[in-house]
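These notes concern the structure reproduced below.
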Amino acid sequence: MSQFLQQLVNGLSIGSVYALMAVGYSLVYSIMNFSNFAHGGVIMLGAYFGFFSLTSLKLPFAAAFILASAGTALLAVLIERVAYKPLRDRRAPFLYFIISAMGASILLENIVIATIGPTFRTYPEIFAREPISLGVLSIGRLDLIMFFVSAFCLAGLILFIEKTRIGKAIQAAAYNMKACALMGVNTDRVVLIVFALGGFLAGVAGVFFGMKYTVYPQIGNITTKSFIAAVFGGLGSLPGAVIGSVLLGIIETLVAGYLSSQYRDLIAFVILIGVLIFRPTGIMGKSTEDKA
Amino acid sequence: MDWTYIQGILMLAGINLIAVLGLCLLTGFTGLFSFGHAGFMAIGAYIGALMTVPPATMAGNIGGFGLPFAVGIVAGGAAAGLVSWLLGRITLNLKGDYFCIATLGFGEAVRLILNNVKTFGGARGWPGVPQYSTVWAVLVVDIIAVLFLANLVRSRHGRNMIAVREEELAAQIAGIDVFKYKMIALIVSAVYAGVAGVLFGHYMTFIQPKMFSMTKSTELTIIVIFGGLGSISGSVLGALVLTALPELLRAFDIWRLVFYGAAVILIMISRPKGLMGGMELSPAGLRKVAAARRARLAFRAEALREDAAEGLRAEGEASPGGKA
Amino acid sequence: MSANVLEVKGLTKRFGGLAAVNDVSFDVREGGISGLIGPNGAGKTTIFNLVTGVYKVTAGEVSFQGRRIENMEPYKIADLGVTRTFQNIRLFKNLSVFDNVLTACHLSAKYTIPEAILRLPRFRREEKVLADKATFLLEIMGLQDRRDIQANNLPYGLQRRLEIVRALALDPKLLLLDEPAAGMNPDETEQLMRLISEIRERFKLSVLLIEHHMDLVMGICEHIVVLNFGQKLSEGSADTVSSDPKVMEAYLGSSGGNKC
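For the record, the sequence lines run as chains L, D and Z.
Heads up: the first sequence begins at 1007 in the working numbering, then just goes up one per residue.
Heads up: the second sequence begins at 50 in the working numbering, then just goes up one per residue.
Heads up: the third sequence begins at 132 in the working numbering, then just goes up one per residue.
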C-alpha cells in the first residue's frame, strides 16, 4: 500500500510538470482554436535559459527562475508575431498555422543544436538530494517545490482569468473572437497576453524539467504527452488540462511501476486512442459546433 | 563525383518521393496535416522485410517468409493502409487538431513499439534485408505513383478532395462526403508511405526504428511545402532538390534544419503555394496558368475601360454620379 | 396534402442555455419563393444550418418532399436536393470560376476511383458530361467569359452569383439563399431579383431566401416568414406581413418610419 501511495506521489509530481506544459498549450488553444506545436520548443528554451542564468550569469535561483520564465514569455510573443499574426491577419486556413508552428518548432530545436550544441546539460544542484520523509512516503525536495510552485502558478492564472478585466476579455475571446472584437476589445492585445502567459508557464515547466531530468534540445518532444494530457482533460479547458495531466502522470507512473517501464511512454498513446474513441471532448470538454 | 554516389542520391530521392507524393495528396490536396507518416513507412518497411527475409537459419537471426520482392511491396503497402484506416476511423470525424495530435502520437507509438518488441530486433534493428531495391525498380514505382496520383487528382474525386481543403463546410453543402474523402486521402498516403518504407528497407538492407522518427515525418512534410501545396510536380522537384541538397552541403548540415524551419515559416506567411506556386509543370497545368493570366488581364482591361467611360460620363454630366 | 417542398415543425436549437431558434414552424410551397426575414440575430441563418444539416436540432422536425431530414449528414441532404449559399461567401477561393462549378457537378457522374486512375472510357465520357454541364450553367448565368479567373479575384457581386451557380450545379429542388443581395446597390438588387425569378422558372425549383433588402423581399417573395429572437413573429404574403403591427414594432420600434 505504501508503495502505491509512493507511486501516486511520484505520479503527482511529474503530473504537475505536465500540467504546466498542458495549461500553456490549452490556453492558446482556447483562444485561437489552434494547437501551438511550437510550445515544446519554448519549454525547451526555458530549460536552457534557466540553466545559463544559473551557470553563466551565476544568478540566485529565484532570479534565474524568473528570468527564464520572462524570457520564454517574450519568446512566445515573438513567435506569435512572426509566425502566426501574419496568418491571422490574412485569415489563412488552419493548415497554414500548423505548418508554421512546425517550422517554428524545427527552427528552435535546431538553432540550439547548431549554436549551443546537442550535449546534455545538467542543472547545478539547487535543492538537497535527500528526500523528505512524511511517514512512509518520501518526497524529493525538488518534487515538493515543483508541486507547490506549479499549484501557485496555476492558481494565480485562474485568479487572473476570473478576476481581472483582461482575464474577462480572454474568456470572452475564447468564446467568440469576432464578437469580442466588435465589442471593442483589442483582440491583438488579448492574443499577445495569452501567448505571454502560456510562454511564462512554459518557462517554469522547462526549468523544472531541466532540474528534474536534464537539458537537451529535444525536450520539445515531451510536449507530445502534454498535448495528449490536454486532449484527455478536454481541449481548451484549463482545469481539464490540469486534471488530464495529473491523471496522466499518475497512470504513467503506476504503469511503469507495476508493469514495466518500457510501457511508460506508450500508455499516453493508449489513453489518447481511448479518449478519441470513447469521449473525444475529454473529461471536462464541451462540444462546440462550427458557426456557418 | 562517381556514378554510384549519384545513383545513391537518386535512389533516396526516388524513395522519398513516393512518401512525399502520399503526403502531397493528404496535405497538399486535402489539407490534412500529419506528424507521423514515418510510422507508416516503418510499418511498410518491417512488414515488407517480414515477407522477403529468408527464414532464420541461425539462432539470433530474425527470419521472414522469404517471398519475392513484389509480395513484400504489396504487403507493406497494404499493412500501412489498413492501420491508417483504423486511425482514420477514430480521428477523421473530429476537429482538425485531434487528427494532428493523433498522428503525432501514432508516429511515436510505432517507433516505441518497434523499439521494445524484440521479435523484430528492437532498437538495434533488423539486419540482413535482401537488397532488392534497384534504381529501375524505384523508377518504375515512382512513375506509377506519379501517374496514379495525377489521374486521381484530375477527376471528380480529386476535385472533391481539393474542395475539402478549400472550404470544408461548402464542400459538405456541395454534396461531398468529407469524411469519406479524407479517409481515402489518408489511406492512399499511408499506402504510398508504406511502399516507400519497403523500398527503403530493401535499399539500406537493414532497418531500425530510429530511421522512422518524427524528424523523418517532418522532413517529408517540409518537402511537400517547399514544392508547394497542391502541386505534384512541385513535390517531384522538391524531393529531388531537398534530398540532393543535404548531400552536397554536408558541411552545413547542422544549419540545414535551421534553414528549413525558418524557410517553412517564411513560405507560410508569404508564398504558401511554394516553389511551383500551386501550378503544375504539365501541358494542362501550364495551359491553365496561361488562361488564368489572360482572363485576369482581360478583366483588368475591361475594368479600366469602364472606369474611363465612367470618368468621361461624370465629367460630361458634371454631377456627383458614379458607383456607391 | 398540398405540395410543400419543405416543412419545418417546432424547430428548436439551443446553444448552452440560449435558444437561438425556438419552436419555429413554417412551410415552403413547391415552386414558390419564400422569404425569411427578421432583425440580426433572429435565428435565420441558424434555421438554414438546421435545414441543411450543419447543426443538429435540439427539437423539432424538418421534412423535405415529405421525407424527414433533420440531423442527416449535410452531404446527404445536398444529394437529396437541398442546396444553399452562405452569408459570408464560401467559394473555393483558389480555384477558377469553372473549377468551382465543375467540382460541384460531381454528383452527375458515377465513375469510381479505379476508373479515374486507369482513365477508362466511362471516366472520359462522364468527365465530358460534367464539363459540358458546368459550361452550360456558366453560360446561362453570364459567367462563361470569366471562367478562368480565380474565384477570389471576381468582383463581389459576381462572387455571389458564382455561389448561386455552384448551388445550381447540384440540381437542387430547393435553393436556400442566405442574404444574396448583401452589399448590392439598387440596380444590382433589381438584377438579382430577375435572376432569382428566372432560376425558379428555368430550373423548376423552390427558393427560400434570407434577406434584409426589403425591396427584394417584398418584390419577389410570395410568402414571408418573420422571425424575432428565434421565434416566429408573423407569416403570410408580403401585404399581410408588412401590415402586421407586431412586425412593425419589432423592426421599427413603435415610432414607425422607413426601413432601408
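We put the beta carbon where it would ideally sit given N, CA and C, even for glycine.
What residues match up with Arg160 of chain Z in a beta bridge as DSSP calls it? According to DSSP, which records beta bridges pairwise, Arg160 of chain Z is partnered with Z:Asn135.
Can you check the stretch 294 to 351 of chain Z for any beta strand (DSSP E) of at least 3 residues that lies completely inside it and give the ranges in chain order? 305 to 309 and 337 to 341
Taking Cβ positions only, does Asn209 of chain D come closer than 8 Å to chain Z? yes
Less than 8 Å between C-beta atoms, sequence neighbours within five positions excluded: which residues of the same chain meet that for Thr1193 of chain L? Counting only Cβ-Cβ distances below 8 Å, and skipping sequence neighbours, we find Ala1179, Met1183, Cys1186 and Ala1187.
What I want to know is whether the C-beta of Phe1100 of chain L ends up closer than 7 Å to one or more non-hydrogen atoms of the ligand MG. Questions concerning the ligand MG fall outside what the structure shown contains, since it holds no ligand whatsoever.
Give me the DSSP bridge partner(s) of Ser165 of chain Z. Z:Leu339 and Z:His354
Any residues in the stretch 279 to 303 of chain Z with a beta carbon nearer than 7 Å to a beta carbon of chain D? Which ones, in chain order? Near chain D, meaning a CB-to-CB distance below 7 Å, the residues of the stretch 279 to 303 of chain Z are Asp279, Ile280, Gln281, Asn284, Arg297 and Leu301.
Are Ala91 of chain Z and Leu301 of chain Z touching if we call contact CB-CB under 8 Å? Chain Z is shown only over 132 to 391; residue 91 of chain Z falls outside these bounds and no answer can be derived.
Note down, in chain order, each residue of its chain lying with its Cβ closer than 7 Å to the Cβ of Gly276 of chain D, except the 5 sequence neighbours on either side. Gly283, Ser284, Leu286, Gly287, Gly323, Leu324 and Met325
If you compare alpha carbons, which of D:Met263, D:Leu143, D:Leu291 and D:Asn110 is closest to Leu61 of chain D? D:Leu291
Close beta carbons around Asn1016 of chain L, own chain, < 7 Å, minus the five adjacent residues each side: Thr1259
8 Å is my cut-off, CB to CB: does Ala340 of chain D come that close to chain Z? Taking CB atoms only, Ala340 of chain D has a neighbour in chain Z less than 8 Å away.
Rounded to whole angstroms, what is the Cα-Cα separation between Ala1044 of chain L and Thr243 of chain Z? 41 Å
Residue-level contact to chain Z via CB, Ile67 of chain D, 8 Å cutoff: no
Which full runs of the beta strand (DSSP E) of 3+ residues lie inside the stretch 156 to 239 of chain D, going along the chain? none
Tell me, please, whether the CB atom of Ala1235 of chain L is closer than 8 Å to any CB atom in chain D? no
Three-state secondary structure (DSSP) at Ala173 of chain Z? Note: Ala173 of chain Z maps to coil in three-state DSSP.
Endpoints, beta strand (DSSP E) assigned at Arg215 of chain Z: Val213 to Arg215
Can you tell which of D:Val213, D:Gly137 and D:Lys265 has the C-alpha that lies nearest to the C-alpha of Ile64 of chain D? D:Lys265
Under a three-way DSSP split, which group does Leu1165 of chain L fall into? helix
Spell out whether any CB of chain D is found under 8 Å from the CB atom of Ala1028 of chain L. By this cut-off, Ala1028 of chain L is not an interface position.
Taking the CB atoms as reference points, tell me whether Val152 of chain Z and Thr177 of chain Z lie closer together than 8 Å. yes
Using beta carbons (cut-off 8 Å, strictly below), is Thr140 of chain D in contact with chain L? yes
Chain D within 8 Å of Met1038 of chain L, Cβ atoms only: Chain D, which has no Cβ nearer than 8 Å to the Cβ of Met1038 of chain L, makes this no.
Between Z:Ser374, Z:Tyr382, Z:Ser373 and Z:Gly367, which lies nearest to Ile164 of chain Z when the distance is taken from Cα to Cα? Z:Gly367
How do the stretch 291 to 308 of chain Z and the stretch 215 to 223 of chain Z stand: do at least 3 beta-carbon pairs fall below 8 Å, yes or no? yes
Report the three-state DSSP secondary structure of Asn153 of chain Z (helix, strand or coil). strand
What is the residue span of the alpha helix (DSSP H) that Gln1009 of chain L lies within? Run containing Gln1009 of chain L: Ser1008 to Met1038, per the alpha helix (DSSP H) assignment.
Taking the alpha carbon of Phe114 of chain D as the point to measure from, which residue in D:Val102, D:Ala311 and D:Ile122 has its own alpha carbon closest? D:Val102
Spatial distance of Pro170 of chain Z from Ala344 of chain D (CA atoms): For Pro170 of chain Z and Ala344 of chain D, the distance between alpha carbons rounds to 40 Å.
Check whether the Cβ of Ser368 of chain D lies closer than 8 Å to any Cβ atom in chain Z. Because Ser368 of chain D carries a pLDDT of 48, less than 50, the predicted location of this residue cannot be relied on, and the following value inherits that uncertainty. Interface annotation, Ser368 of chain D: not in contact with chain Z, CB-CB separation never under 8 Å.
I'd like to know whether the C-beta of Trp134 of chain D is nearer than 8 Å to at least one C-beta of chain L. no
Since Gly1226 of chain L and Gly1046 of chain L should fall inside the 8 Å C-beta cutoff, what is the C-beta to C-beta distance between them, to a whole number of angstroms? 3 Å
For Asn202 of chain Z, the three-state DSSP class (helix, strand or coil): coil
Considering only residues of the same chain and omitting the five flanking positions on each side of Ala245 of chain D, which have a CB-CB separation below 6 Å? Ile64, Ile67, Ala68 and Met90
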